[in-house]
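Novice: Below are the structure tokens for one structure; questions will follow.
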Amino acid sequence: MTEEIIIAGFGGQGVLSMGKIIAYSGIMQDLEVCWMPSYGPEMRGGTANVTVIVSDKQISSPILHQFDTAIVLNQPSMDKFEAQVKPGGILLYDPNGITKAPTRKDIKIYKIDATEIAANMGNVKIFNMIVLGAYLKVRPVVKLENVMKGLAKSIPARHHNLLPLNEDAIKTGGEHVVEVK
Amino acid sequence: MTEEIIIAGFGGQGVLSMGKIIAYSGIMQDLEVCWMPSYGPEMRGGTANVTVIVSDKQISSPILHQFDTAIVLNQPSMDKFEAQVKPGGILLYDPNGITKAPTRKDIKIYKIDATEIAANMGNVKIFNMIVLGAYLKVRPVVKLENVMKGLAKSIPARHHNLLPLNEDAIKTGGEHVVEVK
Amino acid sequence: MADIDIKDIIKEENIVYKKSSILLDKVMHYCPGCSHGVTHKLIAEVIEEMGIQDQTIGVSPVGCSVFAYNYLNVDFQEAAHGRAPAVATAIKRLLPDKYVFTYQGDGDLASIGAAEILHACNRGEHIVCIFVNNAIYGMTGGQMAPTTLVGMKTATTPYGRDVDRNGYPMKITELIAQLPGTCYVTRQSVETAAAVRKTKKAIRKAFENQRDKKGTSFIEVVSTCNSGWKVDPVKANKWMEDHMFKFYPLGDLKDSTRDNPADYEQYIKD
Amino acid sequence: MADIDIKDIIKEENIVYKKSSILLDKVMHYCPGCSHGVTHKLIAEVIEEMGIQDQTIGVSPVGCSVFAYNYLNVDFQEAAHGRAPAVATAIKRLLPDKYVFTYQGDGDLASIGAAEILHACNRGEHIVCIFVNNAIYGMTGGQMAPTTLVGMKTATTPYGRDVDRNGYPMKITELIAQLPGTCYVTRQSVETAAAVRKTKKAIRKAFENQRDKKGTSFIEVVSTCNSGWKVDPVKANKWMEDHMFKFYPLGDLKDSTRDNPADYEQYIKD
Amino acid sequence: MAKIKGAVVIDKELCKGCGLCIVACPANVLGHSGEVNGKGYDYVKMVNPDACVGCASCGTVCPDSVITVYKVKI
Amino acid sequence: MAKIKGAVVIDKELCKGCGLCIVACPANVLGHSGEVNGKGYDYVKMVNPDACVGCASCGTVCPDSVITVYKVKI
Amino acid sequence: MGELRLMKGNEVIAEAAIRAGVDGYFGYPITPQSEVMETLMIRKPWEETGMVVLQAESEVASINMVYGGAACGKKVMTSSSSPGYSLMQEGLSYIAGAELPCVVVNVVRGGPGLGTIQPSQADYFQVTKGGGHGDYHVIALAPNSVQEMNDFVTLAFDLAFKYRTPVVILSDGAIGQMMEKVYLSDFVPRRTEEEIRKECGDWCTLGSKQHNYITSLELDSAIMEQRNLHLQKKYEDMQKEARYEEYMTEDAEYLFVAFGSASRICKKSIELAREKGIKVGLFRPITLYPFPSKQLYQLGTKMKGILSVEMNAGQMIEDVKLAVECKVPVEWAGRNGGIIPSPDEIVVALESKLIGGK
Amino acid sequence: MGELRLMKGNEVIAEAAIRAGVDGYFGYPITPQSEVMETLMIRKPWEETGMVVLQAESEVASINMVYGGAACGKKVMTSSSSPGYSLMQEGLSYIAGAELPCVVVNVVRGGPGLGTIQPSQADYFQVTKGGGHGDYHVIALAPNSVQEMNDFVTLAFDLAFKYRTPVVILSDGAIGQMMEKVYLSDFVPRRTEEEIRKECGDWCTLGSKQHNYITSLELDSAIMEQRNLHLQKKYEDMQKEARYEEYMTEDAEYLFVAFGSASRICKKSIELAREKGIKVGLFRPITLYPFPSKQLYQLGTKMKGILSVEMNAGQMIEDVKLAVECKVPVEWAGRNGGIIPSPDEIVVALESKLIGGK
Ligand SMILES: Cc1ncc(C[n+]2csc(CCOP(=O)(O)OP(=O)(O)O)c2C)c(N)n1
Ligand SMILES: Cc1ncc(C[n+]2csc(CCOP(=O)(O)OP(=O)(O)O)c2C)c(N)n1
Ligand code: SF4
Ligand code: SF4
Ligand code: SF4
Ligand code: SF4
Ligand code: SF4
Ligand code: SF4
Ligand SMILES: [Mg+2]
Ligand SMILES: [Mg+2]
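As they're listed, the protein sequences go chains H, Z, V, W, G, E, P and R.
According to my numbering, the first sequence is numbered sequentially starting from 8.
According to my numbering, the second sequence is numbered sequentially starting from 8.
According to my numbering, the third sequence is numbered sequentially starting from 8.
According to my numbering, the fourth sequence is numbered sequentially starting from 8.
According to my numbering, the fifth sequence is numbered sequentially starting from 42.
According to my numbering, the sixth sequence is numbered sequentially starting from 42.
According to my numbering, the seventh sequence is numbered sequentially starting from 2.
According to my numbering, the eighth sequence is numbered sequentially starting from 2.
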């Protein structure tokens, strides 16, 4: 099993940490993992993306040109990454701010309205956890228990009181993801 | 014809310019020439030496380990260069300040008491011209007329009034050089 | 009140403020609210007003303003980190009638480039130096700069700048004001409309000094880097006013011409 | 008068002045009358008197004093041109209880090494910096240094230093005195016995400052380079007194401790 | 007596929503629009257009030079 | 009353003949020897030894540390 | 095995340095390696081990601080990326000339000039042939994983002290920026002054009555030549430190030679090529200097062809050709400008340049 | 033929620059090349041609001044020696990356580190393989006489502008310090601003409404790769500039390959060897980059053996081996540390390493 994921959005949407949680979860499940951010000059509001690979084999290239799954959180990322999903792969997106919906027919497309859900849950910071939940629902590459372990590892101990809230968000995300036909 | 010369003494004895005059004279006589100074940190009173090559063929190495003629003007230079005269070559020295006279038997050794002569002539600055005269007497590699042309080239025009004095010194040097047996 | 419709106001002939023609159409890559944008604009306006577009050559080294050439419509050179003053020196010496300016950040100018700025100013090169002091390395992700205040948190002083570990903040503009080659040294800012206008005047004066061959003009613009400081742009300005201005007080440090060479000749006279 | 024979005076027990035990037996390569020799000697005497031979590490970069390690019997590092302050910074930080000093020429310190000396002093490294200002590049054959006086002839200013072409002479010691990290900045000389004794006191104080962790001590020694200046040693001293001292006046520029870090904390307080 | 009236045009797609103009405006004319543009920024617009006196403070402080200021005497 | 008398020993082979000690001596004790040493320098010696008061000025200014100064009270 | 973590390559360098008992780090920010110093500053090793961490005023200052610290027998290091590494060339030449141990990490980005901040291997020549003046070499270690970023810190210091030489960890932006699993090394205490004196007492300038001094200067050519010959002798001795990895070479007819990030791509390319029936293996030089020439000769001369896969315009290919004495066809494949080649384009290159080609 | 003079190599560089219409020289003193700037300062070309001569605060500043001047389309140059040349590596990489013309003279001394001030060829790798970061090359010209110090100044500027690239004149302390006869070039006037605009108008930053700008930065890897490929294409084009000299090769069975000072020694060695009946000739690369590989292949593969004679520990030998594709035995001979080998020791080396050896 090898899952190659791109997560892309605006800086500040929690893209990098979502990737990190997936990677950590992979480790908890004894998988090989690789997390590779786009990096560049520190400029706010630009786009940010991260490639995450989870596999039961050794991982070769950390930088990919095609993905099993693309998680897309803004229009520029949609423009760039829709075409890079492998045939048969998955595109998951939050419709908020998306002006041109994806059009490919040879991939599975899912939608999670995480912006709205997060707002409804009264905490915009759990936005990325909702997206993560949606992703794990459609691609259960790691088990929730390992995700929670990974989460515990990747956030500082002083924030561990937020773990239940995050777990909630992940579950909610899983419940709200819908396939777009 | 190729003549490979080392001229060595204290800084300030006019070693470099003597070499330059020989080189310039060679050019006036349509020969190939090469002048290569020892160079190092600017420190007064240290030893200075220059290698001069005059030849009717193209000159290969500017730095030599053996010489046809060594012109030696102080004891450290004697210590260093006596051994580097080719068998059958020439060693010319000013005995002033020389505490250990040369001992080689397979070379010709000449002496010029230029320090004293210069003092007698009332001008210590022509010291090196006297030595040059002595050298040219024993090794007439360039004609005096070409030496005078070379001299005219190598000293600034405003000092050309000194040319006759220099010519005098060269002649005097030629008259006073003696072979040491 | 509404005795005139907004449509009637918004007409070409009623424009009282617009983007300078020297600014290119490219969207600046700067973070929202970054002081670099304002400072660029002022340079553009001065060049436009003086009508010297085709006689001006800009030099900016690395730092967030590395792409200044994408925004200012004049001939431009991107320089190595810290070396803009050396680059500008050569340009100005080779093209003495052109206007040459440098545009450097605080990491660039005061850290790696300290020798070059000091020597260009000490030689009294007839150039304009713009120094954007945001007390941090913006471009590389918010590390400590020489000008970072004690106690300030940055990526390389996560617990606050500490003198014993990280040294003192450097007031390089004060040093430069003492160099005999500088004619005009001033410290300005761009957080309010009034401040912006004053800074523009300073830049204008600097370019005029260059025209008049008065020596090196040096303009520090005390700035914000809201990304590096991790606050929003409005708060960044406030923080700057409250803290930076105390340590880096605004105003002219020097306004004259560079020292008279003749005054220096006496020393070797017998 | 001759009521005592000279032989009876010249006895071990009557010695009132002799070569310091910290000076090695090697003959210095310096030109006759070079100020470097005297300055070396004073450092040696201070180290000897303070009994810190095995706790002292010297650093000298290129320049005529590049071979200082051949003369001073302490652990030593030869540094790249201009970089002694960086080298010394690391040594001192890694060995905070040792005595670390740098020994730099004016070309080295004020030209290529301007950034390093500025930053070491600004950080307030607890080191001693000896700065031998002979207004010329001695080692490389007498080229212009930043400190060369206007009008002075050197190998690269054969017609005399000219401000327009070569810039102004730089008073780097004045700049360094303003840096918050320095505790003691002084300008001395070594041309008379009295001057030598004053300079020795200054060096002693500098080493004591280091022991007491007061900050960076910086001692400029206004010096001669008779070879570079093309005069004899005695005339060189005279020329220095007559001309250099006017531009580089002797005396303390600062004598305290480095700035109190606590004073710097107020600026970011709310 | 002649009254001064101003108006500004903000390029909504180029505005980065930094808010510096809002603070700079002496007449509280400007405010965040509450909507994001194509770059994801909550751009600024005139929320109180009538109050504008065309003083150009907003334009002056705008780092991205996206404000054009108009003024008429009426 | 005790008189002060001094003497200096100059290492002739190490002296570089710079003459700084000559100038430094308040009692005009020192002078060039007029002879060159192995390094070609006109080294310095006491030309007026009786005048020496052992003040050590000469040694203090000697760049090559080749002067040892002796002093006695007699 | 040590503590398991998910970390960036750059962060691991910092953590590994603390654990290896490094005495001092002197650095200057530059993308894509600034996390090294940032991580150290967050970790505050001065409280834990007494390690000194100093942000220098420039890379010129950093490398000269390293020179100063190294002379004291301390374990000192710096890190930078291409333009900053260029600024260190004079200092590195001094350190090599004075025969001092130190470690320099170069997280390479694409050049020349300011170039790009994306990963590259275009500093191969600069690092292996001596970017500075004079006849010297640095040992160059090329990690290809975050784990090796950890492991090579210790290895680098061991080699640095064994040969009194600078050791460069030649990494790239990808390995510096990516996170992988890593088993961290155990803590080794910093050496005491006594221990340093015992290990390096005859040369270290810790303060002594021995008159230890450090210099690379020698004006007497005869002695200078001896120093040069001594250095060359050392470089010859170093040859035995050549390290490499072979992968699927037992039955190989073709060979990829690749280091660092490129070598990882090659493993995937091998998978793809073998699916097509092409028997290809990988020879990965781990030490770029000393280059494992003998080992590559042994293996390489048995091949039908060799593809030097590099994230540059073809630099290591010279060492590959020299290693196999041009006895088999050697071609280059790769990408430039910060682009990491994809596994399939490497296979295509293999097919077109070697299998189909000749 | 121009005016005949007896001059030092370094002085000739200065004189040739003035005569070639150079616009600016920016330098910093260092032995053994300080005479270049000193001669310029004595000559005061600013009065004669308007040429700018500026003593910079360091070599880092010099090379960046050169960068600034070059961007304006001006003919600008600097000179230095090994440690100073090392400090220029970042700047050179920028100039190469921004594709600007300039000339840099490196009068090499022995390294590494502060080393010695005596002549050496130990910067061969640094100059030819790119001492700075990233994939770039400089054209490297190796004069072996004072006459060529004169001639190559003009040649260097011609090539620099033709290819918009830095050109390095790789000389050594011997050629810099020695005086020989030289026929100086005739005076060429400095170009006017109009002429420069005509020649380089599409890129030079002389002040314009065209928005000319000079940069080596490109964050987009795809574009950066194109820039790299463009550079590589240029380096390929440059191959045709390869220059060399052959001496007594018609009947040769053995070949010396040597450049600069070493090549002069070899001529004498050939004399000595031929007296002994050894048929040996000389192949002298005049351009070290581009290395005249094709020409050497042609000639070299006919030989029984090749001796790469260098004043270093053996650097060019790699290019020699690559050129002849290891088809004939290639050995190294030379000296280090500032020593110029004697003609007879080269003959001895030829006999022992090649004739007797294999
Ligand atoms: C030689 C070198 N070292 C380091 C860098 C990385 N670098 C790029 S910009 C920068 C500092 C920028 O800070 P500043 O000059 O204050 O400009 P700002 O971004 O804050 O405007 C650094 C260290 C580089 N490009 N080159
Ligand atoms: C990088 C580098 N550039 C230049 C030199 C040549 N160099 C050696 S010493 C020196 C200047 C010496 O002048 P100063 O520092 O004033 O010392 P002084 O000899 O006058 O005591 C120079 C330029 C060098 N060694 N290294
Ligand atoms: S990082 Fe700072 S300096 Fe750079 S653009 Fe953003 S706010 Fe401006
Ligand atoms: S050249 Fe000058 S500084 Fe150097 S030793 Fe001679 S007098 Fe002293
Ligand atoms: S022009 Fe003046 S009043 Fe109108 S919006 Fe701008 S700042 Fe406000
Ligand atoms: S200042 Fe400019 S960019 Fe910022 S919010 Fe206002 S209009 Fe938008
Ligand atoms: S000790 Fe004093 S009196 Fe005696 S020689 Fe020396 S300076 Fe003169
Ligand atoms: S000061 Fe010293 S070196 Fe100079 S003349 Fe006197 S004794 Fe000799
Ligand atoms: Mg900044
Ligand atoms: Mg000096």
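Ideal Cβ placement from N, Cα and C applies to all residues, glycine included.
Could you tell me which chain P residues have their CB closer than 7 Å to the CB of residue 47 of chain H, listed as they occur along the chain?
Specialist: Within the first sequence, numbered from 1, the residue matching residue 47 of chain H stands at position 40. Per Cβ cutoff of 7 Å: 118.
Novice: DSSP beta-bridge partners for residue 76 of chain H?
Specialist: Position 69 of the first sequence holds residue 76 of chain H. Answer is H:12, H:97, bridged to residue 76 of chain H.
Novice: How many whole angstroms separate the CB atoms of residue 46 of chain V and residue 137 of chain V, which I take to be in contact at a CB cut-off of 8 Å?
Specialist: Taking the third sequence and counting its residues from 1, the one referred to as residue 46 of chain V is at position 39. Taking the third sequence and counting its residues from 1, the one referred to as residue 137 of chain V is at position 130. About 7 Å separates the two Cβ atoms, so the contact holds.
Novice: Could you check whether the Cβ of residue 61 of chain E sits closer than 7 Å to any heavy atom belonging to ligand 7?
Specialist: In the sixth sequence, counting from the first residue as 1, residue 61 of chain E sits at position 20. The answer is no for residue 61 of chain E.
Novice: Are residue 264 of chain P and residue 289 of chain P close, meaning C-beta to C-beta below 8 Å?
Specialist: Taking the seventh sequence and counting its residues from 1, one reaches residue 264 of chain P at position 263. Taking the seventh sequence and counting its residues from 1, one reaches residue 289 of chain P at position 288. Going by C-beta atoms, residue 264 of chain P is not nearer than 8 Å to residue 289 of chain P.
Novice: Output needed for residue 184 of chain V: all residues of its chain with C-beta closer than 7 Å, excluding positions within five of it in sequence on either side, in chain order.
Specialist: Here residue 184 of chain V refers to the residue found at position 177 of the third sequence. Around residue 184 of chain V: 192, 260, 261.
Novice: How about residue 6 of chain V: is its Cβ closer than 7 Å to a heavy atom in ligand 9?
Specialist: Past the edges of chain V, shown from 8 to 277, lies residue 6 of chain V, and the structure says nothing about it.
Novice: Going by CA-CA distance only, name the one from P:81, P:119, P:112, P:295 that's closest to residue 126 of chain P.
Specialist: For the purposes of this step, residue 126 of chain P is identified with residue 125 of the seventh sequence, where counting begins at 1. Ranking the options by Cα distance to residue 126 of chain P, first place goes to P:112.
Novice: Quick check on residue 11 of chain P - is its C-beta less than 8 Å from some C-beta in chain V?
Specialist: As a position in the seventh sequence, residue 11 of chain P is number 10, starting the count at 1. Residue 11 of chain P does not count as touching chain V.
Novice: Using a Cβ-Cβ cutoff of 7 Å, what residues of the segment 256-267 of chain W are near chain P? List them in chain order.
Specialist: Listed by position along the chain: nothing, the set is empty.
Novice: Could you please tell me which residues of the segment 66-85 of chain Z, in chain order, have their CB closer than 7 Å to any CB of chain E?
Specialist: So the close ones are 81, 82.
Novice: Assign residue 59 of chain P to buried or exposed, taking buried as 16 or more other Cβ atoms, counted over all protein chains shown, within 10 Å of its Cβ.
Specialist: Counting from one through the seventh sequence, the residue named residue 59 of chain P turns up at place 58. With 16 or more Cβ atoms within 10 Å of its Cβ, residue 59 of chain P is classed as buried.
Novice: So for residue 359 of chain R, helix, strand or coil by DSSP?
Specialist: Locating residue 359 of chain R in the eighth sequence gives position 358, counting from the first residue. Confidence at residue 359 of chain R is low in this model, with a pLDDT of 47, below 50, so the placement of that residue should be treated as unreliable; the coordinate-derived value is given next. Of the three classes helix, strand and coil, the one that applies to residue 359 of chain R here is coil, per DSSP.
Novice: What residues in the segment 103-129 of chain R bring their beta carbon closer than 9 Å to a beta carbon of chain V?
Specialist: Residues: none.
Novice: Between the C-alpha atoms of residue 156 of chain R and residue 295 of chain R, what's the straight-line distance to the nearest angstrom?
Specialist: For the purposes of this step, residue 156 of chain R is identified with residue 155 of the eighth sequence, where counting begins at 1. For the purposes of this step, residue 295 of chain R is identified with residue 294 of the eighth sequence, where counting begins at 1. Going by the C-alpha atoms only, they are around 22 Å apart.
Novice: Taking the Cβ atom as the reference point for each residue, do residue 94 of chain G and residue 51 of chain G lie within a distance shorter than 8 Å?
Specialist: Within the fifth sequence, residue 94 of chain G is the residue found at index 53, counting from 1. Within the fifth sequence, residue 51 of chain G is the residue found at index 10, counting from 1. Not a contact, by the Cβ cut-off of 8 Å.
Novice: State the Cα-Cα distance for the pair residue 163 of chain W and residue 135 of chain W, rounded to the nearest angstrom.
Specialist: Here residue 163 of chain W refers to the residue found at position 156 of the fourth sequence. Here residue 135 of chain W refers to the residue found at position 128 of the fourth sequence. Their backbone Cα atoms lie some 31 Å apart in a straight line.
Novice: Quick check: residue 197 of chain R and residue 74 of chain R, are their CB atoms within less than 8 Å of each other?
Specialist: Residue mapping note: residue 197 of chain R aligns to position 196 of the eighth sequence, counting from 1. Residue mapping note: residue 74 of chain R aligns to position 73 of the eighth sequence, counting from 1. For residue 197 of chain R and residue 74 of chain R, yes; Cβs fall inside 8 Å.
Novice: Using a Cβ cut-off of 7 Å, which residues of the segment 56-82 of chain G contact any Cβ in chain H, in chain order?
Specialist: Correct list: 57, 77, 79, 80, 81, 82.
Novice: Say the cut is 7 Å; is the CB of residue 232 of chain V nearer than that to a heavy atom of ligand 3?
Specialist: Counted from its first residue, the third sequence places residue 232 of chain V at position 225. Because some heavy atom of ligand 3 lies under 7 Å away, the Cβ of residue 232 of chain V counts as near it: yes.
Novice: Please find out if some non-hydrogen atom of ligand 8 comes closer than 7 Å to the beta-carbon of residue 66 of chain E.
Specialist: Taking the first residue of the sixth sequence as 1, we reach residue 66 of chain E at position 25. No, Cβ of residue 66 of chain E sits at least 7 Å from all heavy atoms of ligand 8.
Novice: Using a beta-carbon distance below 8 Å, is residue 50 of chain R in contact with chain W?
Specialist: Here residue 50 of chain R refers to the residue found at position 49 when the eighth sequence is read from its first residue. Output row for residue 50 of chain R: interface = no.
Novice: Whose Cβ in chain E lies nearer than 9 Å to the Cβ of residue 149 of chain W?
Specialist: Taking the first residue of the fourth sequence as 1, we reach residue 149 of chain W at position 142. Neighbours of residue 149 of chain W on chain E: none; closest Cβ ~18 Å, over 9 Å.
Novice: Can you tell me whether residue 111 of chain V is helix, strand or coil according to DSSP?
Specialist: By one-based count along the third sequence, residue 111 of chain V stands at place 104. Reduced to three states, the DSSP call for residue 111 of chain V is strand.
Novice: Note down the Cα distance separating residue 227 of chain V from residue 173 of chain H, rounded to an integer number of angstroms.
Specialist: Taking the first residue of the third sequence as position 1, residue 227 of chain V is located at position 220. Taking the first residue of the first sequence as position 1, residue 173 of chain H is located at position 166. Cα-Cα distance, rounded: 47 Å.
Novice: Measure the beta-carbon distance from residue 183 of chain H to residue 101 of chain H and round it to whole angstroms, keeping in mind my assumption that it falls under 8 Å.
Specialist: As a first step, residue 183 of chain H is located in the first sequence; it is residue number 176 there, counting from the start. As a first step, residue 101 of chain H is located in the first sequence; it is residue number 94 there, counting from the start. Actually they are not in contact, since the Cβ atoms of residue 183 of chain H and residue 101 of chain H sit about 11 Å apart, beyond 8 Å.
Novice: Could you please give me the residues that DSSP links to residue 167 of chain R through a beta bridge?
Specialist: Looking up residue 167 of chain R in the eighth sequence gives position 166. According to DSSP, residue 167 of chain R bridges with R:103.
Novice: Where do the ends of the beta strand (DSSP E) carrying residue 139 of chain V lie?
Specialist: For the purposes of this step, residue 139 of chain V is taken as the residue at position 132 of the third sequence. Run containing residue 139 of chain V: 135-140, per the beta strand (DSSP E) assignment.
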